[in-house]
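Numbering (the numbering used here), first residue to last: 21 to 146.
In this text, a Cβ means the ideal position worked out from N, Cα and C, and glycines have one as well.
As the structure is a computational prediction, the values presented were derived from the model and not from experiment.
The structure appears below as structure tokens.
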Amino acid sequence: PNLTLAYGLAVCVGIANSALDTGGYPALMECFPKASGSAVILVKAMVSFGQMFYPMLVSYMLLNNIWYGYGLIIPGILFVLITLMLLKSKFPSQLVDASVTNELPQMNSKPLVWLEGVSSVLFGVA
21 PNLTLAYGLA VCVGIANSAL DTGGYPALME CFPKASGSAV ILVKAMVSFG
71 QMFYPMLVSY MLLNNIWYGY GLIIPGILFV LITLMLLKSK FPSQLVDASV
121 TNELPQMNSK PLVWLEGVSS VLFGVA
């Protein structure tokens with residue numbers, strides 16, 4: 021364990037996080053087609069919460085002499101549970117019929133762009 025190894029692992033974690041975002045947002049938008057904008061904002065909120073909560077969890081474990089492995093095991097278990105929930109989700113068919121594309125559903129009401137915009141700015145500042 022040295023600084024070079026820590027740097028390499030940090031790069032790997034960053035790449036993994038980008039891969040999760042790349043696959044997660046489109047999957048979420050397909051799971052919730054009627055509220056995809058709100059769902060993406062919710063994910064950003066949860067990521068911000070996790071980035072705030074996880075260092076506090078690790079600090080708490082360090083101060084109370086709790087095994088540091090729980091800081092890896094608990095998120096791992098949560099990741100597996102979320103993956104299992106995702107596997108049970110229904111997604112649209114990947115095969116698109118030309119006659120179906122002409123009948124795409126339209127939004128019944130205008131989205132609250134101002135609310136989603138303000139939320140995005142607040143999450144960016146936080």
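Beta carbon of residue i nearer than 8 Å to that of residue j
{"i": "Val60", "j": "Leu77", "result": "no"}
{"i": "Glu136", "j": "Gly57", "result": "yes"}
Nearest-angstrom Cβ-Cβ length linking residue i and residue j, presumed shorter than 8 Å
{"i": "Tyr90", "j": "Met81", "result": "6 Å"}
{"i": "Cys51", "j": "Ser109", "result": "5 Å"}
7 Å Cβ shell around residue i - same chain, five flanking residues per side excluded
{"i": "Lys64", "result": "Phe143"}
{"i": "Trp87", "result": "none"}
Residue range of the alpha helix (DSSP H) that includes residue i
{"i": "Gly89", "result": "Unbroken run through Gly89: none, as it is neither H nor E."}
{"i": "Pro46", "result": "Leu23 to Cys51"}
{"i": "Leu62", "result": "Ser56 to Leu83"}
Proximal residues to residue i (C-beta, below 6 Å), its chain only, five neighbours per side dropped
{"i": "Ser139", "result": "Ile61"}
{"i": "Phe99", "result": "none"}
Cutoff 8 Å; reference residue i; Cβ partners in own chain excluding five residues on either side
{"i": "Gly44", "result": "Val63"}
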